[in-house]
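Novice: Input: one structure, supplied below.
So this is what it looks like as structure tokens:
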């Protein structure tokens, strides 16, 4: 990842917009006064975790599954391929697509900070931001994935990707068997957020029939 | 358990509809969901009622429209945050200056936090 330059100076990695800082301020003062419980706030937000942000990632995955030429471009230069679809992050960060294969499963960690690519993946779940998850994912990725109910074959190695300040990762899961002939839209419906982080797999039972 | 937005949606006047699709509220950015959750939780805790909230939000939106604000609803959650702040001030729970100071502190804390570390208020270099 060398040789890349932003248009602006990059003095720091984290930034809040004015409104983000204001919401944090309101939350802090209400928590300090005991009027709200942070765990209750997290629980409410988790209720809506799949309904936040443009959630472009699922469409990127579905396009890669149905358009081999796009998949090649995505593999070669994720940032350009994602921009081609009109998607992207807030800053000028790189997007790197990690394709799962029968030989290799990919798992992303990071995001104690504000670098999580929510426009692409959707909101991070609470567990994803926790220090124990981050630590365990690095030390025991297979066990971490098993915690989420996903058992990978021993023959499939697991590669852990740790986001940097300028690079965001998206896992491109393997297209499940039994989805031959499905439309891009129907395919996008089975690409869960967890499958794009690497802690889950596409959920074929989540499929919704195309509108007639 | 009913979904948290049910009471809220019922209480909102027809002229202040929450951005939603067929399945419920949708949020363009994470901070909007955080602001939404704050209001739901404050109602759960009885700090203010659904009616009080509907009036506060409605007043904020009407004021913004009268001042020539966004008519497409794209600033809905900006108005939401202003309504929340004003309602908390009216309840004597904070002051405008108090929120300003804390927001500035959070902004400095974010800038001072390196990649991979959680943004904490203590990271603000000016916070004693």
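Residue numbers (my numbering), protein chains in the order written: chain A, 275 to 486; chain B, 1133 to 1260.
Every residue, glycine too, gets a C-beta built ideally from N, C-alpha and C.
Alpha helix (DSSP H) containing residue 1232 (chain B): first to last residue?
Specialist: Here residue 1232 (chain B) is taken as the residue at index 100 of the second chain, counted from 1. Note, residue 1232 (chain B): alpha helix (DSSP H), 1228-1244.
Novice: Residue 418 (chain A): buried (16+ other C-beta within 10 angstroms of its C-beta) or exposed?
Specialist: To locate residue 418 (chain A), count along the first chain from 1; it is residue 144. With 16 or more other Cβ atoms within 10 Å, it is buried.
Novice: With 8 Å as the C-beta to C-beta threshold (strictly closer), list the residues of the segment 1238-1254 of chain B near chain A in chain order.
Specialist: Of all residues in the segment 1238-1254 of chain B, 1238, 1239, 1242, 1243, 1244, 1245, 1246, 1247, 1248, 1249, 1250, 1251, 1253 have a Cβ within less than 8 Å of some Cβ in chain A.
Novice: Tell me residue 1157 (chain B)'s beta-bridge partners as DSSP assigns them.
Specialist: Position 25 of the second chain, counted from the first residue, corresponds to residue 1157 (chain B). Looking at the DSSP assignment, residue 1157 (chain B) forms a beta bridge with B:1152.
Novice: State the start and end residues of the unbroken alpha helix (DSSP H) segment that holds residue 441 (chain A).
Specialist: Looking up residue 441 (chain A) in the first chain gives position 167. Looking at the DSSP string, residue 441 (chain A) is not in any alpha helix (DSSP H); the run it does join, the beta strand (DSSP E), is 441-446.
Novice: Grouping DSSP H, G and I as helix and E and B as strand, with all else coil, what is residue 283 (chain A)?
Specialist: The count along the first chain starts at 1 and reaches residue 283 (chain A) at position 9. Note that residue 283 (chain A) scores a pLDDT of 42, beneath 50, so its modelled location is shaky and nothing firm can be said.
Novice: Output needed for residue 1259 (chain B): all residues of its chain with C-beta closer than 6 Å, excluding positions within five of it in sequence on either side, in chain order.
Specialist: To locate residue 1259 (chain B), count along the second chain from 1; it is residue 127. Hits under 6 Å: 1237.
Novice: Could you give the uninterrupted runs of the alpha helix (DSSP H) lying entirely in the segment 287-317 of chain A, keeping only those of 4 residues or more?
Specialist: List check, alpha helix (DSSP H) in window: 292-306.
Novice: Return the bridge partner residues of residue 481 (chain A) from the DSSP annotation.
Specialist: Taking the first residue of the first chain as position 1, residue 481 (chain A) is located at position 207. The partner list for residue 481 (chain A) (beta bridge, DSSP) is empty, contrary to what the question assumes.
Novice: So what's residue 424 (chain A) in DSSP terms, helix, strand or just coil?
Specialist: Locating residue 424 (chain A) in the first chain gives position 150, where the first residue counts as 1. Residue 424 (chain A) falls in the coil class under three-state DSSP.
Novice: How about residue 381 (chain A): is its C-beta nearer than 7 Å to some C-beta of chain B?
Specialist: By one-based count along the first chain, residue 381 (chain A) stands at place 107. For residue 381 (chain A), the answer is no, since every Cβ of chain B falls outside 7 Å of its Cβ.
Novice: Since residue 1161 (chain B) meets chain A, which of its residues come closer than 7 Å, beta carbon to beta carbon?
Specialist: Taking the second chain and counting its residues from 1, the one referred to as residue 1161 (chain B) is at position 29. Chain A residues near residue 1161 (chain B): 327.
Novice: Output the distance between the C-alpha atoms of residue 573 (chain A) and residue 379 (chain A), rounded to the nearest integer angstrom.
Specialist: Any answer about residue 573 (chain A) is impossible in this case: the structure gives chain A only from 275 up to 486.
Novice: Between residue 1258 (chain B) and chain A, is any beta-carbon pair separated by less than 7 Å?
Specialist: Within the second chain, numbered from 1, the residue matching residue 1258 (chain B) stands at position 126. Chain A contact via Cβ: absent.
Novice: Taking only beta-carbon positions, decide if residue 368 (chain A) is within less than 7 Å of chain B.
Specialist: Taking the first chain and counting its residues from 1, one reaches residue 368 (chain A) at position 94. No - not a single Cβ of chain B is within 7 Å of the one on residue 368 (chain A).
Novice: Give a yes or no on whether 7 Å exceeds the smallest Cβ distance from residue 1166 (chain B) to chain A.
Specialist: As a first step, residue 1166 (chain B) must be located in the second chain, where it is residue number 34. With 7 Å as the cut-off, residue 1166 (chain B) counts as an interface residue toward chain A.
Novice: Less than 7 Å between CB atoms is the rule here; does residue 1191 (chain B) satisfy it with respect to chain A?
Specialist: Position 59 of the second chain, counting from 1, holds the residue named residue 1191 (chain B). It does not: the Cβ of residue 1191 (chain B) has no partner Cβ on chain A nearer than 7 Å.
Novice: Residue 371 (chain A) by DSSP, collapsed to three states: which one?
Specialist: Taking the first residue of the first chain as 1, we reach residue 371 (chain A) at position 97. Correct three-state label for residue 371 (chain A): strand.
Novice: Can you confirm whether the segment 291-298 of chain A touches the segment 1207-1227 of chain B when touching is taken to mean that 3 or more C-beta pairs between the two stretches lie within less than 8 Å?
Specialist: Result yes; three or more Cβ-Cβ pairs closer than 8 Å.
Novice: Is the segment 1150-1166 of chain B touching the segment 320-332 of chain A, taking contact as three or more C-beta pairs under 8 Å?
Specialist: With the cut-off at 8 Å, the segment 1150-1166 of chain B and the segment 320-332 of chain A touch.
Novice: Please return the same chain residues whose Cβ sits closer than 8 Å to the Cβ of residue 450 (chain A), not counting the five positions on each side in sequence.
Specialist: The residue given as residue 450 (chain A) occupies position 176 in the first chain. Cβ neighbours of residue 450 (chain A) beyond the five flanking positions: 464, 475, 476, 478.
Novice: Residue 1286 (chain B) by DSSP, collapsed to three states: which one?
Specialist: Nothing about residue 1286 (chain B) can be read from this structure; chain B reaches only from 1133 to 1260.
Novice: Measure the CB-CB distance between residue 1199 (chain B) and residue 1211 (chain B) and report whether it falls below 7 Å.
Specialist: Counted from its first residue, the second chain places residue 1199 (chain B) at position 67. Counted from its first residue, the second chain places residue 1211 (chain B) at position 79. It is not a contact, given that the beta carbons lie outside the stated cut-off.
Novice: At a CB-CB cut-off below 7 Å, which residues of chain B make contact with residue 297 (chain A)?
Specialist: Residue mapping note: residue 297 (chain A) aligns to position 23 of the first chain, counting from 1. What residue 297 (chain A) touches in chain B: 1163, 1166, 1167, 1213.
Novice: Alpha carbon to alpha carbon, what distance is there between residue 472 (chain A) and residue 377 (chain A)?
Specialist: For this step, residue 377 (chain A) is matched to residue 103 along the first chain. For this step, residue 472 (chain A) is matched to residue 198 along the first chain. Roughly 14 Å separates the two Cα atoms.
Novice: Tell whether a beta-carbon distance below 7 Å holds between residue 340 (chain A) and residue 458 (chain A).
Specialist: The residue you call residue 340 (chain A) lines up with position 66 of the first chain. The residue you call residue 458 (chain A) lines up with position 184 of the first chain. Yes, the Cβ-Cβ distance between residue 340 (chain A) and residue 458 (chain A) is below 7 Å.
Novice: Taking only three categories from DSSP, how would you classify residue 1252 (chain B)?
Specialist: The count along the second chain starts at 1 and reaches residue 1252 (chain B) at position 120. Correct three-state label for residue 1252 (chain B): coil.
Novice: Output, in chain order, the set of chain A residues within a Cβ distance shorter than 8 Å of residue 1219 (chain B).
Specialist: Looking up residue 1219 (chain B) in the second chain gives position 87. Those do not exist, as residue 1219 (chain B) stays about 11 Å from chain A at its closest Cβ, beyond 8 Å.
Novice: Determine contact between the segment 1220-1230 of chain B and the segment 1239-1249 of chain B, defined as no fewer than three beta-carbon pairs at a distance below 8 Å.
Specialist: Segments in contact, no.
Novice: Could you tell me the distance, in whole angstroms, from the CA atom of residue 469 (chain A) to the CA atom of residue 447 (chain A)?
Specialist: Against the first chain, residue 469 (chain A) aligns to sequence position 195. Against the first chain, residue 447 (chain A) aligns to sequence position 173. When rounded, the distance between both Cα atoms is 6 Å.
Novice: Are there 16 or more other CB atoms within 10 angstroms of the CB of residue 359 (chain A), so buried, or fewer, so exposed?
Specialist: On the first chain, position 85 is the one that residue 359 (chain A) refers to. With fewer than 16 other Cβ atoms within 10 Å, it is exposed.
Novice: For residue 289 (chain A) and residue 392 (chain A), I'd like the C-alpha separation in whole angstroms.
Specialist: Counting from 1 along the first chain, the entry for residue 289 (chain A) is found at position 15. Counting from 1 along the first chain, the entry for residue 392 (chain A) is found at position 118. If you take the alpha carbons of residue 289 (chain A) and residue 392 (chain A), they lie about 15 Å apart.
Novice: Okay, do the segment 309-317 of chain A and the segment 1161-1179 of chain B touch, 3+ Cβ pairs below 8 Å being the bar?
Specialist: Contact holds: three or more Cβ-Cβ distances are below 8 Å.
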